[in-house]
Amino acid sequence: AAFGRARMAGFEATGLICEVMNDDGTMSRRAELEAFAQQHDIKIGTIADLIHYRMIHERTVQRIAEQPMDSELGSFNLVTYRDSVEGDVHLALTLGTICAEEPTLVRVHNMDPLRDLLMVNQPGRWSLRAAMRAVNEAGSGVVLLLGHPLDGDVLLAHIRETAGQQPIKTPTTYSTVGAGSQILRDLGVRKMRLMSSPMKFNAISGFDLEVVEYVPSE
3 AAFGRARMAG FEATGLICEV MNDDGTMSRR AELEAFAQQH DIKIGTIADL IHYRMIHERT
63 VQRIAEQPMD SELGSFNLVT YRDSVEGDVH LALTLGTICA EEPTLVRVHN MDPLRDLLMV
123 NQPGRWSLRA AMRAVNEAGS GVVLLLGHPL DGDVLLAHIR ETAGQQPIKT PTTYSTVGAG
183 SQILRDLGVR KMRLMSSPMK FNAISGFDLE VVEYVPSE
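For what it's worth, the numbering used here labels the leading residue of the sequence shown as 3, then goes sequentially.
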């Protein structure tokens, strides 16, 4: 964020990050930082503000193709995107009309070869097939497949987890959230019924996105 602000201002991409502390030694939160900024006449901005500005002036994900797709789980529209920073290709399966004013059923999916190709049961988690079936039954929605290279270590970690050994958690990085958010916004999504267990997403409000409901897997 510090680098981004400097670059947008036309300066060298350098910055200084300094934590602001309260008198009792705790880290200052937003309300306390706003009071501090007002007291010392300092301008303040949020990560959501930065994201919103960059969404207006620059994009890192581009739509490169769109075509109809028939599958065992219904007829979808397949929209292909490329991430110019990471080089990844992401696929969005859409169905029906996406309306910004109405909540859209959405699944943002990281591929798991055991769950999605070998159809290994993983209670509490959405498989790709289950997500596509849910969208088809709802009559509209989006299934977004984030394309990340799967190396051998990650595959072994999935296998160990399925065997009840070492649980893993797919990391949620700013680049992942940013790419997915840009794609959903491009598709016209604003309010989401997200097929996921409840979790915190940092600054998606900067993309004009809002989670209004979490939909657990069956």
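By construction, the Cβ of each residue, glycine as well, lies at the ideal position given by its N, Cα and C atoms.
Test item: CB-CB of residue i and residue j under 7 angstroms
i           : j           : result
residue 111 : residue 147 : yes
residue 95  : residue 145 : yes
residue 1   : residue 214 : The structure shown does not extend to residue 1, since the chain spans only 3 to 220, so no value can be given for it.
residue 108 : residue 35  : no
residue 49  : residue 189 : no
Unbroken beta strand (DSSP E) run spanning residue i, endpoints
i           : result
residue 215 : 212 to 217
residue 108 : 106 to 112
residue 19  : Per DSSP, residue 19 belongs to no beta strand (DSSP E) and is neither H nor E.
residue 78  : 76 to 85
Secondary structure of residue i, DSSP reduced to three states
i           : result
residue 102 : coil
residue 220 : coil
residue 180 : helix
residue 67  : strand
residue 207 : helix
residue 95  : strand
Span separating the alpha-carbon of residue i from that of residue j
i           : j           : result
residue 18  : residue 7   : 11 angstroms
residue 43  : residue 16  : 23 angstroms
residue 47  : residue 102 : 26 angstroms
residue 191 : residue 66  : 19 angstroms
residue 113 : residue 119 : 9 angstroms
residue 78  : residue 9   : 40 angstroms
8 angstroms Cβ shell around residue i - same chain, five flanking residues per side excluded
i           : result
residue 92  : 63, 82, 83, 84, 85, 146, 147, 148, 149, 181, 182, 185
residue 200 : 216
Beta-carbon contacts of residue i that lie in its chain and below 6 angstroms, excluding the five residues immediately before and after
i           : result
residue 193 : 105, 212, 214
residue 73  : none
residue 28  : none
Same chain, Cβ closer than 7 angstroms to residue i, neighbours up to 5 away in sequence not counted
i          : result
residue 22 : 30, 35, 38
residue 75 : 131, 134, 135, 138
N-terminal and C-terminal residue of the alpha helix (DSSP H) that residue i is part of
i           : result
residue 130 : 130 to 140
residue 32  : 32 to 41
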